[in-house]
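A short worksheet on the structure shown next.
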């Protein structure tokens with residue numbers, strides 16, 4: 013697909029200018045009105061020098077103004093760089109310094125501090141003198157091509173600094189064309205935009221609906237965290253299509269009565285591993301809906317594999333098969349394909365791969381590597397995800413390769429322990445972390461389950477499924493997992509574990525005292541008792 017990101021939108025405006033395009037907090041904007049606002053702002057940006065391969069930061073909370081800004085940047089030929097005004101000031105400063113935008117689009121109400129950078133406030137900016145007609149390629153600073161960057165989204169980096177992922181028009185257009193072919197929106201559909209723009213799932217929410225002639229409903233800022241608000245908005249606006257990060261999906265199905273959102277026909281899940289329990293509960297809460305599990309990193313234009321959930325997906329849910337023009341490889345440490353059922357690292361190739369990390373050739377070279385199974389110059393992206401092919405020809409997600417830890421000399425896959433916790437009846441979500449109390453590292457398991465669930469019973473159950481050195485020292489039963497602004501699990505916000513002191517019996521014989529002393533030294537403990545277990 014060689015088209016540009018907004019080609020479909022321009023055609024929709026011509027075909028249905030009077031149809032409702034956007035709804036936000038009770039106010040509706042038609043396709044024609046929305047297009048006029050976009051084109052006027054785009055011409056203003058072009059006058060400032062915005063064009064292909066230039067970048068414009070958009071720093072405002074979710075609103076119609078934010079949507080207009082993003083469309084205007086892309087219409088002008090530039091790449092939009094989403095910035096969350098509520099992020100820490102240090103992160104915002106780093107993103108702006110790294111992206112070096114021509115300008116920052118915001119509003120007075122967002123009270124965004126861009127430092128010394130050029131700022132445009134949409135709520136006070138007068139662009140009425142500009143034409144509302146569609147912007148032509150001749151008006152741009154240079155011709156816009158499918159190979160040009162459409163957006164730059166910053167993701168967390170292993171170095172502690174975020175990385176700007178630059179995605180081309182060709183990459184995201186392929187993703188959207190596949191989605192329309194697979195799921196077929198039409199003018200009767202209503203799509204909910206609730207994902208923060210700093211999370212790449214928002215890209216298809218922003219551009220799919222308005223390229224088809226559907227209606228886009230915009231959730232209020234922070235509304236994506238409130239399942240009761242979301243259910244009310246979905247019902248009031250007859251939303252048919254929406255997305256959940258699995259952690260938020262679990263909160264939603266726990267707070268919403270079955271059958272209360274009958275308009276929904278498509279639900280997409282991505283961003284985290286989807287468990288069978290949460291998936292089946294969603295299908296109970298919204299009977300008859302299609303639930304689709306998607307997978308993909310920001311570095312590959314949102315999603316690259318897909319799987320429709322069935323009755324058989326009761327424990328884990330596959331991430332599926334590749335989308336159009338995409339190749340997936342499951343390889344060992346020597347980049348050799350592994351057999352069906354054998355774990356390996358997932359590598360991605362194809363048109364959806366990002367250009368790389370903005371201004372970081374070193375990081376780009378580390379993650380975007382030569383594809384030995386492609387033609388000259390072919391690349392593939394090393395995801396760091398541990399997966400395996402299943403007998404159905406789809407991919408099962410197993411965890412992160414960097415979730416492998418070494419504890420007391422032994423390598424442990426945390427995902428294996430999490431799977432054992434999920435197998436306990438009544439546990440709907442699980443996560444295992446290594447907790448350091450300042451003296452030693454300890455495995456701690458967190459589960460979402462009924463308050464009556466006994467943590468020691470869960471621990472005993474896990475002990476029957478994994479080796480003793482993999483059994484968490486403490487199981488914490490929570491009502492819900494803490495979520496970050498994107499709706500994903502916030503590991504840093506998990507409560508600190510509480511370890512109950514056991515009855516201490518001191519070693520008595522010289523040999524017992526000598527052995528206990530050695531163990532205490534090795535494990536960094538003040539003392540070791542007669543009844544203590546080494547593990």
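In my numbering, the protein residues as written are 13 to 547.
From the three backbone atoms N, C-alpha and C, an ideal C-beta is built for every residue, glycine too.
DSSP state of residue 99 mapped onto helix, strand, coil: Here residue 99 refers to the residue found at position 87 when the chain shown is read from its first residue. DSSP, read as helix, strand or coil, puts residue 99 in coil.
Alpha helix (DSSP H) segment containing residue 214, residue limits: To locate residue 214, count along the chain shown from 1; it is residue 202. That run of the alpha helix (DSSP H) goes 213–219.
Whole-angstrom distance between residue 186 and residue 343, CA atom to CA atom: Locating residue 343 in the chain shown gives position 331, counting from the first residue. Locating residue 186 in the chain shown gives position 174, counting from the first residue. Those two C-alpha atoms are separated by around 25 Å.
With 16 other Cβ atoms within 10 Å as the buried cut-off, status of residue 441: Within the chain shown, numbered from 1, the residue matching residue 441 stands at position 429. When all chains shown are included, residue 441 counts as buried.
Of the listed residues 536, 447, 108 and 290, nearest to residue 93 (C-alpha basis): In the chain shown, residue 93 corresponds to position 81, counting from 1. Ranking the options by Cα distance to residue 93, first place goes to 108.
Secondary structure, alpha helix (DSSP H): runs of 4+ residues fully inside the stretch 222–266: If we require 4 residues or more, the alpha helix (DSSP H) runs fully inside the stretch 222–266 come out as 239–249.
Beta-ladder partner(s) of residue 56, from DSSP: The residue given as residue 56 occupies position 44 in the chain shown. Bridge partners of residue 56: none, in fact.
Delimiting residues of the alpha helix (DSSP H) encompassing residue 23: Within the chain shown, residue 23 is the residue found at index 11, counting from 1. Here the alpha helix (DSSP H) through residue 23 covers 19–27.
Cβ-Cβ distance between residue 436 and residue 460 below 8 Å: For the purposes of this step, residue 436 is taken as residue 424 along the chain shown, with counting starting at 1. For the purposes of this step, residue 460 is taken as residue 448 along the chain shown, with counting starting at 1. Not closer than 8 Å, so no.
Exposure label - residue 516; buried when at least 16 CB within 10 Å: By one-based count along the chain shown, residue 516 stands at place 504. By the neighbour-count rule (16 or more Cβ atoms within 10 Å), residue 516 is not buried but exposed.
Boundaries of the alpha helix (DSSP H) in which residue 469 is found, first to last residue: Reading the chain shown from its first residue, position 457 is the one you call residue 469. 467–475 is the extent of the alpha helix (DSSP H) around residue 469.
Classification of residue 287 by the beta-carbon crowding that lies within 10 angstroms, buried from 16 upward: Position 275 of the chain shown, counting from 1, holds the residue named residue 287. With 16 or more Cβ atoms within 10 Å of its Cβ, residue 287 is classed as buried.
Burial state of residue 619 (16 or more Cβ within 10 Å): The structure shown has nothing for residue 619, since the chain only spans 13 to 547.
Residue environment, residue 521, which counts as buried when at least 16 other CB atoms sit within 10 Å: As a working mapping, residue 521 is identified with position 509 in the chain shown. With fewer than 16 Cβ atoms within 10 Å of its Cβ, residue 521 is classed as exposed.
First and last residue of the uninterrupted alpha helix (DSSP H) at residue 188: The residue you call residue 188 lines up with position 176 of the chain shown. Residue 188 -> alpha helix (DSSP H) spans 181–195.
First and last residue of the uninterrupted alpha helix (DSSP H) at residue 275: The residue labelled residue 275 in the question sits at position 263 within the chain shown. Here residue 275 belongs to no alpha helix (DSSP H), and DSSP marks it neither H nor E.
Alpha carbon of residue 369 to alpha carbon of residue 261, nearest angstrom: On the chain shown, residue 369 is found 357 positions in, with the first residue counted as 1. On the chain shown, residue 261 is found 249 positions in, with the first residue counted as 1. So the alpha carbons of these two residues sit roughly 31 Å apart.
Euclidean distance between Cα positions of residue 41 and residue 35: Position 29 of the chain shown, counted from the start, is the residue given in the question as residue 41. Position 23 of the chain shown, counted from the start, is the residue given in the question as residue 35. It is roughly 7 Å from the alpha-carbon of residue 41 to the alpha-carbon of residue 35.
Buried versus exposed call for residue 284 [16 or more other C-beta atoms within 10 Å across all chains shown]: Stepping through the chain shown from its first residue, residue 284 is reached at position 272. With 16 or more Cβ atoms within 10 Å of its Cβ, residue 284 is classed as buried.
Inter-residue CB distance, residue 318 and residue 194 (contact presumed, cutoff 8 Å): For the purposes of this step, residue 318 is identified with residue 306 of the chain shown, where counting begins at 1. For the purposes of this step, residue 194 is identified with residue 182 of the chain shown, where counting begins at 1. Contact flag correct, Cβ pair sits at about 7 Å.
For residue 44, the nearest candidate out of 32, 55, 394 and 54 (CA to CA): For the purposes of this step, residue 44 is taken as the residue at position 32 of the chain shown. Of 32, 55, 394 and 54, the residue nearest in Cα terms is 32.
Cα-Cα separation, residue 467 to residue 510: Indexing the chain shown from 1 puts residue 467 at position 455. Indexing the chain shown from 1 puts residue 510 at position 498. Roughly 12 Å between the two C-alpha positions.
Spatially closest choice to residue 115 from 62, 15, 241 and 357, by CA coordinates: Residue 115 sits at position 103 when you count from the first residue of the chain shown. When the alpha-carbon of residue 115 is set against those of 62, 15, 241 and 357, the nearest one is in 62.
Exposure label - residue 357; buried when at least 16 CB within 10 Å: In the chain shown, residue 357 corresponds to position 345, counting from 1. It counts as buried.
C-beta contact flag for residue 296 and residue 278 at 8 Å: Here residue 296 refers to the residue found at position 284 when the chain shown is read from its first residue. Here residue 278 refers to the residue found at position 266 when the chain shown is read from its first residue. In this structure, residue 278 does not lie closer than 8 Å to residue 296 by Cβ.
Integer-rounded CB distance, given that residue 383 should sit under 8 Å from residue 391: As a position in the chain shown, residue 391 is number 379, starting the count at 1. As a position in the chain shown, residue 383 is number 371, starting the count at 1. The Cβ separation is near 6 Å, so the contact holds.
Nearest neighbour of residue 274, chosen from 251, 223, 152 and 290 [CA to CA]: Locating residue 274 in the chain shown gives position 262, where the first residue counts as 1. If we check each option's Cα against that of residue 274, 251 comes out closest.
Under 8 Å between C-beta atoms of residue 399 and residue 429: Residue mapping note: residue 399 aligns to position 387 of the chain shown, counting from 1. Residue mapping note: residue 429 aligns to position 417 of the chain shown, counting from 1. Cβ distance not < 8 Å, so residue 399 and residue 429 don't count as in contact.
Where residue 223 falls, given that 16 or more other Cβ within 10 Å makes a residue buried: As a working mapping, residue 223 is identified with position 211 in the chain shown. Flag for residue 223 reads buried.
Terminal residues of the beta strand (DSSP E) in which residue 161 lies: Taking the chain shown and counting its residues from 1, the one referred to as residue 161 is at position 149. Per DSSP, residue 161 belongs to the beta strand (DSSP E) from 161–167.
Length of the line joining the Cα atoms of residue 280 and residue 381: For the purposes of this step, residue 280 is identified with residue 268 of the chain shown, where counting begins at 1. For the purposes of this step, residue 381 is identified with residue 369 of the chain shown, where counting begins at 1. Approximately 30 Å, taken between the alpha carbons.
CA-to-CA distance, residue 234 to residue 221, given in whole angstroms: Counting from 1 along the chain shown, the entry for residue 221 is found at position 209. Counting from 1 along the chain shown, the entry for residue 234 is found at position 222. Residue 221 and residue 234: Cα-Cα distance of roughly 21 Å.
Span separating the alpha-carbon of residue 340 from that of residue 127: Walking along the chain shown from the start, residue 340 turns up at place 328. Walking along the chain shown from the start, residue 127 turns up at place 115. Their backbone Cα atoms lie some 43 Å apart in a straight line.
Option nearest residue 332 by Cα separation, candidates 497, 545, 303 and 471: Indexing the chain shown from 1 puts residue 332 at position 320. The shortest C-alpha separation from residue 332 is found at 303.
Whole-angstrom distance between residue 213 and residue 464, CA atom to CA atom: Along the chain shown, read from residue 1 onward, the residue named residue 464 stands at position 452. Along the chain shown, read from residue 1 onward, the residue named residue 213 stands at position 201. Cα-Cα distance, rounded: 36 Å.
Beta-carbon contacts of residue 13 that lie in its chain and below 6 Å, excluding the five residues immediately before and after: The residue you call residue 13 lines up with position 1 of the chain shown. Once the five neighbours on either side are set aside, the close Cβ partners of residue 13 are 185, 186 and 189.
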